[in-house]
Amino acid sequence: MVTVIAASIVGYVAWALNAPLPSPVANTRSLTAPVVAPAAFALPAEGATAVTVTGAPDYLGADGLHLSTGDDSPRPIASISKVVTALVVLDAHPIGDGEAGPTVTFDKAAHDLYDVYYVQDAAVAEMPTGSSMTLRDALATMLIPSASNYADAVSTWAYGSRSAFLAATDEFLAREGLTGTTLVEPTGISPRNVSTPSDLLRIAQLAAANSTIRAIAATPDITLPGPGHLTNTNTLLGEGGVTGLKTGNLGEGTFSLLFTATVDTGVGEPLDVTGVTLGGASRSSQDAAVLGLLDSIRAGFRDVPLVSAETLVGSYTTAWGATAQLVVADAASLRTWSDTPITIATDITNPTEYRDGEQVGSITWTAGPAHTTAALRVRGTIEPPTDWWRLTHPVELLG
1 MVTVIAASIV
11 GYVAWALNAP
21 LPSPVANTRS
31 LTAPVVAPAA
41 FALPAEGATA
51 VTVTGAPDYL
61 GADGLHLSTG
71 DDSPRPIASI
81 SKVVTALVVL
91 DAHPIGDGEA
101 GPTVTFDKAA
111 HDLYDVYYVQ
121 DAAVAEMPTG
131 SSMTLRDALA
141 TMLIPSASNY
151 ADAVSTWAYG
161 SRSAFLAATD
171 EFLAREGLTG
181 TTLVEPTGIS
191 PRNVSTPSDL
201 LRIAQLAAAN
211 STIRAIAATP
221 DITLPGPGHL
231 TNTNTLLGEG
241 GVTGLKTGNL
251 GEGTFSLLFT
261 ATVDTGVGEP
271 LDVTGVTLGG
281 ASRSSQDAAV
291 LGLLDSIRAG
301 FRDVPLVSAE
311 TLVGSYTTAW
321 GATAQLVVAD
331 AASLRTWSDT
341 PITIATDITN
351 PTEYRDGEQV
361 GSITWTAGPA
371 HTTAALRVRG
381 TIEPPTDWWR
391 LTHPVELLG
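Per the working numbering, residue 1 is the first one in the sequence shown, and the count goes up by one each step.
Below, the structure written as structure tokens:
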């Protein structure tokens with residue numbers, strides 16, 4: 001009998017010390033993806049503004065982003081008229097990439113335009129009788145310092161007369177569907193030269209697509225024989241990503257800017273911004289408003305914090321009282337656009353060793369085409385139970 005009991009005890013001890021341990025029990029929780037507020041765009045408070053933002057189609061869509069404030073009624077566009085004049089002139093006399101175009105010679109009638117516009121307090125540039133220059137340089141003199149005498153002379157040269165130029169302008173505007181735009185003369189000195197914000201966006205797109213106008217509008221200053229040193233009226237060039245196009249004003253409360261810009265967001269290629277703002281109180285207030293708008297578009301892409309390092313995701317507990325935790329290994333953030341929805345996916349596998357630092361899965365956040373992943377790891381180590389626990393907990397060992 002004693003021998004049987006002794007054998008039973010030995011058998012039990014052997015079994016208890018070598019029996020498979022019950023697996024730790026995992027208890028996990030799901031993390032919640034952050035909900036991001038929509039981007040706030042700082043549209044100018046004065047007058048009317050219209051803007052299109054293209055690029056990053058996975059975020060903005062194929063048509064891009066459209067922003068506007070104020071109504072879409074026709075307003076005086078002042079020297080922005082010269083962009084239309086340049087488009088109409090180049091419609092008849094196109095200039096190829098890297099070319100200078102035909103030669104324009106100025107007669108005494110063209111020379112006399114200097115005084116005609118000077119007495120009206122319009123921007124002018126020297127134009128000696130008998131002087132000549134390439135069409136490209138003539139357009140540069142018209143657009144960079146906004147010389148009205150050059151706008152008048154070049155448009156007449158292109159079509160032979162003011163009336164022929166205006167007829168061609170009407171045909172061009174009709175062809176392009178610019179029904180809200182009217183030009184009664186080529187310079188913009190007349191308040192009857194008007195356009196709508198939506199038409200001006202189309203005009204800006206046409207101008208930006210023309211390599212000659214685009215290059216001239218992006219030139220801060222230039223020196224040419226005859227007119228001399230010319231400085232661009234668009235003092236925003238190079239600031240905030242501004243690359244063009246044309247200023248205009250007929251005095252206080254009529255300041256306008258037709259602009260293009262590239263906005264670097266830190267995600268892929270820069271965004272292309274085309275815009276117009278009309279009816280600004282002053283050049284300085286309008287410039288500040290445009291820079292503020294571009295900054296707010298740039299800030300539409302932001303780094304969204306997703307999770308902090310060591311965030312608790314779950315825990316492991318054992319029958320013998322040992323515990324460990326499941327945590328996010330590193331902090332994570334995701335650069336995304338505005339309120340693009342963020343989704344979250346978790347992939348967890350069972351630890352094999354239950355050792356501190358053991359990676360057991362990952363969490364992935366996705367917003368549009370962007371995604372980022374953080375590893376999940378064990379924090380703490382689960383040590384095996386003591387022999388005494390094994391000997392005194394047969395029920396737990398049996399599961």
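Ideal Cβ positions, reconstructed from N, Cα and C, are used throughout, including at glycine. Note that this is a predicted model, so its numbers are computed, not measured.
Residue environment for Ala289: buried (at least 16 other C-beta atoms within 10 angstroms of its C-beta). For Tyr159, the enclosing alpha helix (DSSP H) begins and ends at 148-159.
Proximity to Ala332 across Pro369, Leu376, Asp347, Val395 peaks at Leu376, based on C-alpha coordinates. In the structure shown, Gln205 falls within a helical segment according to DSSP collapsed to helix, strand and coil.
Judged by beta-carbon spacing, Pro227 lies within the 9 Å limit of Tyr150, meaning their Cβ atoms are closer than that value.
Closest by C-alpha distance to Val263, out of Arg162, Glu310, Thr274, Leu326, is Thr274. Contact between the segment 57-64 and the segment 167-175 is absent: fewer than 3 CB-CB pairs across the two stretches fall below 8 Å. In the DSSP annotation of this structure, Ala50 is not part of any alpha helix (DSSP H); the continuous beta strand (DSSP E) holding it starts and ends at 48-54.
By the neighbour-count criterion, in which 16 or more other beta carbons inside 10 Å mark a residue as buried, Asp199 falls on the buried side.
Contact check for Ala110 against Tyr117 fails: the beta carbons are separated by 9 Å or more. Secondary structure at Gln286: helix, using DSSP grouped into helix, strand and coil. With respect to the 9 Å criterion, Thr343 and Ala33 are classified as neighbours on the basis of their beta carbons. Comparing alpha-carbon positions, the option among Ala309, Leu278, Ala345, Ala86 lying closest to Thr196 turns out to be Leu278.
Of the candidates Leu257, Pro220, Leu224, the residue whose Cα lies closest to the Cα of Ile77 is Leu257. The C-beta distance from Ala48 to Asp71 rounds to 6 Å, short enough to fall under 8 Å. Of Ser131, Trp388, Asn27, the smallest CA-CA separation from Leu312 is found for Asn27.
Residue pairing for Met133: DSSP places it in a beta bridge opposite Val104. Under the criterion of beta carbons closer than 8 Å, Ser296 and Ala40 qualify as touching, at roughly 6 Å.
Within the DSSP secondary-structure output, Asn27 pairs in a beta bridge with Ser315. Thr372: member of the beta strand (DSSP E) spanning 370-379, first to last residue.
Judged by their CB atoms, Leu143 and Ala217 are nearer to each other than the 9 Å cut-off. Taking Thr260 as the centre and dropping the five residues before and after it, the same chain places the C-beta of Ala208, Thr243, Gly244, Leu245, Thr274 closer than 6 Å to its C-beta, in chain order. Shown here for Pro191: same chain residues with a beta carbon closer than 7 Å to its own, the five before and five after excluded, namely Pro76, Leu250 in chain order.
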